[in-house]
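Everything on this sheet refers to the single structure shown next.
Numbering (my numbering), first residue to last: 8 to 1212.
Have a look at this one:
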């Protein structure tokens, strides 16, 4: 590895032709997917490599194009193309840059590597030396192959070939280092030959390859770029290169991306630093000069930087020095007095000139410290053998020169707004427009300028004049750019729209590739965006933001991952290598021509005016949603995942092959036309939406152009997706596919109608494909159907009330029909309800158990009347005349409706017995008054009532008035009339009753014994309403009449021992209730009808009582504490709280109506306090509770006050 004075000669390769090939871009190095590093821009490591199949196809196309490219003279005139689209594709084909053909000189290749005459005499460290311009490895450390850069560890060290610009004749080889996408650092003597004049410099061209095998890069694959120019310091002496300044800055015609450029040291490394030597020069071993050969492969060696010095006293730190020592005998050839060797001890050799001397920073990064310049051997040994001293141009010392002529410039917009052509609008005061020394100036020795432009937040730039501007990269990071007025902005590498707005109106924007991360990009109706990369590249990568195309958008590849891309009605989207849609949205209302359509995710909508053409002939649908409402044209359509739907037309004459995913005709319910055959494999799904208008339809027809197709085979799944809340008739069939040819297969059919909340109902879809019997629908077409059916309701019920309604409806229906037309509305409503609650609720509310609130009114009214009359009989018997008697009760209506305890009677016993005539203060009995008396009394009962469907608040109010006559002290008879009211209060439910009637009552006393009795009749007006929950909430209203017969008797005795009295008690209460027939209104067919019913109740009670009395005889005052226990049983037939009802729609279709079960046997315990305050006033408080009941709790609090006139 080394260099001679001037370009190095190569090893003999007679007849070889050096040419540019078709790498990722002709004349441009991309050893990885483009965009891994963007010099001056954002890192783009996230950019994925293409799908293997796509990449293979692209590579083959590229190789074919490369071979034909030299014959292409220029882009064809667009007006000569048959269409604008053809012109775009023709322009793409001819978009490559100039292709150099470099001829090797056979005589030069066969010449010796270097002759003695090529050396120069110089003096260094006080010694005279012969200097050669320049890897040789120490023998004991390996062979030349041991130091090959096989892992491409240093890809930024490149190979150079110098050639004649006029003839293409190769003049020699060097090495160099890539420091940015446009710049290579090499040696000045590689481009400034000794013995020549400056005019010759203008004829030198440079080719650069990043291939670690230079022969392959230059002569096989042709992956190299050429230089736009080469600049050296003015101080450089071409006839004395060793005096310093041996460095050149080479500007590249094309950017090299995908490789991390080398950084530069800021200061020279100290002597003793480990250096890494990299180059493409001659290889061999240190002990044998005859072993040296040139194969143009990149090799790596190491050495210790021994000194920083110079051959030029005016430039004392011009060079870095190393020496090449024998690891087996380090002291033998030690020039600098430090016989230290390294693991890969080596030196430079011809061909390494311009190569790299690298050092590592604290983070392990390799930095360019020196540029290989030359060497000598002070031990009179052969070139590049042990003892060799190599020197390198000190990069730190040359940094001002490098920075000054670096062709890659950074330009940022400044100020709020400005014109692109205004220098004051730019950070460096220069208009960003590329200047290529060779192309634009005609001389490679001029300084080139290439711009990377950034438009930051808050800036607005306008390019509105008909000028053509070229730049390297464009990054919008919050800024705005408006291109109009016929302008042309050509971006060599990439446009990165991170944020901001980019608008192209009546103009053109070209770029190598496009990255959209945010912001918005608009291509107007008469505007063009064109991907000007010479061959297939990344194209357009979209990670966010929005694009609107009303003109032409031509790209290598569309990689849509997020954001929204819209092709307007006048827009055209074209790609040259295909597309990969993995996210975001793509709306096509104009035309989209793609070389290969692949969808992995996202949403693509082809509007009614849209046309999407897949020219590859094979479409791959592997995820996302494709909604075709216009036309989708391909050859074969393969679907493995995702959803394909719409109301448009898919042309696939070679077939639509579905191995997975869903094919979903229509948007809601609609028709999708498929031209070709439809082949559904076991993994495929056909999604058919169904609503009240019908079902989706897939029409399979022959292709209009080829006549192929029209057949369908279904072997996957057909999903019947019913609109939530839509309930078809039982047995309904739905046509979902039509074919012009055969229809075969045994698909699995799933799904079925669902409730409005999406939960299942009793409706199901039959798992059998129905093909029309005749095979003809219309015009010779075949059709496929599915049928719905219903399950029975009864298995889904939870209560007796639900089962009663369900069973009667199940008896008049079948899975596919309703046998009794009168209940069609009821069955239709229930069929549409969720079996996860709504159906059960509907069946429950269809059963009108609230009717038993009328029964409860009757029983409670009977209790109030019985208690009131017994109490009055006892009180009158005890001598209470013309009394106003009031009693208030707070109780549980369920208990009142079922208990037989005569609470008021027991209270009256206490009052009556204590109020019996007693001696006055003189020992005489009190005298009685008139035997006739009149009374008026009121009773109020309130409480909570637990019904079947709800808890009720209930209130009963009774007013009683009458007259009675006493016969002596022991007998009484009377007549009374009463008016009562009953009401309930519950959410959505209310029941009311009014009653009026008359009663007869009487009582008898004999010693400690007593007996009371009564009979009476009541006439009732009853009304109520209740909800019926069948999807909608209906209000069923009831109104009817009732009749009540009541009768009862109380008997008992009290025997005293001083203040304590005890005795037995017996009670009987009978209620005979008749409720007239009625029908509910307000709920339509869902209401209920009832025949008249006569529920009776007869309660027998037996128990004991105890009373403790304290009396003040003189003042006529007393106090009673009493308690009793009664055991009660209902002995009437069990007709209470059970009846039968029919539907308003069909009164003859009867079902059971079971109410809340009431205990037949239970006990009651009572306790109370009675106090007489004077002859005319007394009051009573009592508490009562039932026991032995399972389902309810019963408690009563009562208080009474009595006043005697």
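Quick reminder that beta carbons are idealized off the backbone N, C-alpha and C, glycines included. In this text the structure is predicted, and so the values were computed from the model without any measurement.
Does residue 196 come out as helix, strand or coil in the three-state DSSP assignment? Numbered from its first residue, the chain shown carries residue 196 at position 189. If DSSP states are grouped into helix, strand and coil, residue 196 belongs with the helices.
Below 8 Å on the Cβ atoms is my guess for residue 658 versus residue 640; work out the distance and round it to an integer in Å. Your numbering for residue 658 matches position 651 in the chain shown. Your numbering for residue 640 matches position 633 in the chain shown. Correct: roughly 5 Å between the Cβ atoms.
Taking the alpha carbon of residue 423 as the point to measure from, which residue in 467, 823, 448, 502 has its own alpha carbon closest? Taking the first residue of the chain shown as position 1, residue 423 is located at position 416. That would be 467, whose Cα lies nearest to the Cα of residue 423.
Please report the residue range of the alpha helix (DSSP H) in which residue 1113 lies. Along the chain shown, one-based indexing puts residue 1113 at 1106. Taken as a continuous stretch (DSSP letters only), residue 1113 belongs to no alpha helix (DSSP H), being part of the beta strand (DSSP E) at 1103–1119.
Excluding the 5 residues preceding and the 5 following residue 1088 in the sequence, name in chain order all residues of the same chain whose CB lies nearer than 6 Å to its CB. To locate residue 1088, count along the chain shown from 1; it is residue 1081. Excluding positions up to five away in sequence, the list reads 1044.
Boundaries (first-last residue) of the beta strand (DSSP E) holding residue 832: The residue given as residue 832 occupies position 825 in the chain shown. Run containing residue 832: none in the beta strand (DSSP E); it sits in the alpha helix (DSSP H), 831–838.
Going by DSSP in three states, residue 432 sits in which element: helix, strand or coil? Here residue 432 refers to the residue found at position 425 of the chain shown. Reduced to three states, the DSSP call for residue 432 is helix.
To which residues of the same chain is residue 1194 closer than 6 Å at the C-beta, ignoring the five residues directly before and after it? Within the chain shown, numbered from 1, the residue matching residue 1194 stands at position 1187. Cβ neighbours of residue 1194 beyond the five flanking positions: 1170.
Pairing CB atoms from the segment 749–758 with CB atoms from the segment 849–868, are three or more of them under 8 Å? no
Taking the straight line between their C-alpha atoms, what separation do you get for residue 1138 and residue 1188? For the purposes of this step, residue 1138 is taken as residue 1131 along the chain shown, with counting starting at 1. For the purposes of this step, residue 1188 is taken as residue 1181 along the chain shown, with counting starting at 1. In a straight line, the C-alpha of residue 1138 is about 31 Å away from that of residue 1188.
I need the straight-line Cα distance from residue 1073 to residue 1099, nearest angstrom please. The residue given as residue 1073 occupies position 1066 in the chain shown. The residue given as residue 1099 occupies position 1092 in the chain shown. If I take the Cα positions, the gap works out to 33 Å.
Pick helix, strand or coil for residue 385, following the three-state DSSP scheme. Looking up residue 385 in the chain shown gives position 378. Of the three classes helix, strand and coil, the one that applies to residue 385 here is coil, per DSSP.
Which class does residue 1195 belong to by DSSP, given the choice of helix, strand or coil? Walking along the chain shown from the start, residue 1195 turns up at place 1188. Looking at residue 1195 - three-state DSSP - the assignment turns out to be coil, as it is neither helix nor strand.
In the DSSP assignment, find the unbroken beta strand (DSSP E) run with residue 180 in it and report its ends. Here residue 180 corresponds to residue number 173 of the chain shown, with the count starting at 1. Here the beta strand (DSSP E) through residue 180 covers 176–187.
For residue 730, which of helix, strand or coil comes out of DSSP? Locating residue 730 in the chain shown gives position 723, where the first residue counts as 1. Three-state DSSP puts residue 730 in coil, outside helix and strand.
Residue 672 lies in the beta strand (DSSP E); which residues open and close that run? On the chain shown, residue 672 is found 665 positions in, with the first residue counted as 1. Residues 669–672.
Do you know offhand how far residue 740's Cα is from residue 794's? Indexing the chain shown from 1 puts residue 740 at position 733. Indexing the chain shown from 1 puts residue 794 at position 787. Answer to the nearest angstrom: the Cα atoms are 4 Å apart.
Is residue 477 near the ligand PLP, going by C-beta to nearest heavy atom under 7 Å? Within the structure as shown, the ligand PLP is missing, as the structure has no ligands at all.
May I ask you to report which of helix, strand or coil DSSP gives residue 154? For this step, residue 154 is matched to residue 147 along the chain shown. Helix.
Less than 8 Å separating the beta-carbons of residue 654 and residue 619? Locating residue 654 in the chain shown gives position 647, where the first residue counts as 1. Locating residue 619 in the chain shown gives position 612, where the first residue counts as 1. No; because the gap between Cβ atoms is not below 8 Å, this pair is not in contact.
Are the CB atoms of residue 668 and residue 642 nearer to each other than 8 Å? For the purposes of this step, residue 668 is taken as the residue at position 661 of the chain shown. For the purposes of this step, residue 642 is taken as the residue at position 635 of the chain shown. Result no, Cβ atoms of residue 668 and residue 642 do not sit closer than 8 Å.
How is the beta strand (DSSP E) around residue 415 delimited, first residue to last? Start at 1 with the first residue of the chain shown, and residue 415 comes out as number 408. That run of the beta strand (DSSP E) goes 415–419.
Whole angstroms is fine: what's the gap from residue 626's alpha carbon to residue 763's? Counting from one through the chain shown, the residue named residue 626 turns up at place 619. Counting from one through the chain shown, the residue named residue 763 turns up at place 756. Distance between the alpha carbons of residue 626 and residue 763: 37 Å.
Note the first and the last residue of the continuous beta strand (DSSP E) segment covering residue 326. Along the chain shown, read from residue 1 onward, the residue named residue 326 stands at position 319. Its beta strand (DSSP E) spans residues 326–330.
Cα-Cα separation between residue 139 and residue 235, rounded to whole angstroms: As a first step, residue 139 must be located in the chain shown, where it is residue number 132. As a first step, residue 235 must be located in the chain shown, where it is residue number 228. Any reading at residue 139 needs caution, since the residue's pLDDT is 48, under 50, leaving its predicted position unreliable; the model's value is listed next. C-alpha separation (whole angstroms): 28 Å.
Out of 1082, 1168, 998, 1034, point me to the one whose CA is closest to residue 1025's CA. Locating residue 1025 in the chain shown gives position 1018, counting from the first residue. The shortest Cα separation from residue 1025 among 1082, 1168, 998, 1034 belongs to 1082.
Run through DSSP, which three-state label would residue 223 get? If you number the chain shown from 1, residue 223 lands on position 216. Residue state, collapsed to three classes: helix.
Can we say the segment 407–415 touches the segment 252–260, given the rule of at least three CB pairs closer than 8 Å? yes
Straight-line Cα distance separating residue 185 from residue 206: Reading the chain shown from its first residue, position 199 is the one you call residue 206. Reading the chain shown from its first residue, position 178 is the one you call residue 185. In a straight line, the C-alpha of residue 206 is about 27 Å away from that of residue 185.
Is the separation between the beta-carbon of residue 1111 and that of residue 1172 shorter than 8 Å? Start at 1 with the first residue of the chain shown, and residue 1111 comes out as number 1104. Start at 1 with the first residue of the chain shown, and residue 1172 comes out as number 1165. No. Outside cutoff.
Cα-Cα separation, residue 1054 to residue 1020: Residue 1054 sits at position 1047 when you count from the first residue of the chain shown. Residue 1020 sits at position 1013 when you count from the first residue of the chain shown. Using only the alpha carbons, I get a separation of about 8 Å.
Determine the burial state of residue 325: buried for a count of at least 16 other Cβ atoms within 10 Å of its Cβ, exposed for fewer. Residue numbering aside, residue 325 sits at position 318 when the chain shown is read from its first letter. Buried: at least 16 other Cβ atoms inside 10 Å.
Measure the alpha-carbon distance for residue 540 versus residue 187 and round it to whole angstroms. Mapped onto the chain shown, residue 540 falls at position 533. Mapped onto the chain shown, residue 187 falls at position 180. Rounded to whole angstroms, residue 540 to residue 187 spans 19 Å at the Cα level.
Is it right to say residue 939 is buried, meaning 16 or more other beta carbons lie within 10 angstroms of its own, or is it exposed? Position 932 of the chain shown, counting from 1, holds the residue named residue 939. It is exposed - the Cβ of residue 939 has fewer than 16 other Cβ atoms within 10 Å.
Since residue 377 and residue 301 should fall inside the 8 Å C-beta cutoff, what is the C-beta to C-beta distance between them, to a whole number of angstroms? Numbered from 1 along the chain shown, position 370 holds the residue referred to as residue 377. Numbered from 1 along the chain shown, position 294 holds the residue referred to as residue 301. About 22 Å separates the two Cβ atoms, so there is no contact after all.
Is residue 867 helix, strand or coil when you go by DSSP? Taking the first residue of the chain shown as position 1, residue 867 is located at position 860. Of the three classes helix, strand and coil, the one that applies to residue 867 here is helix, per DSSP.
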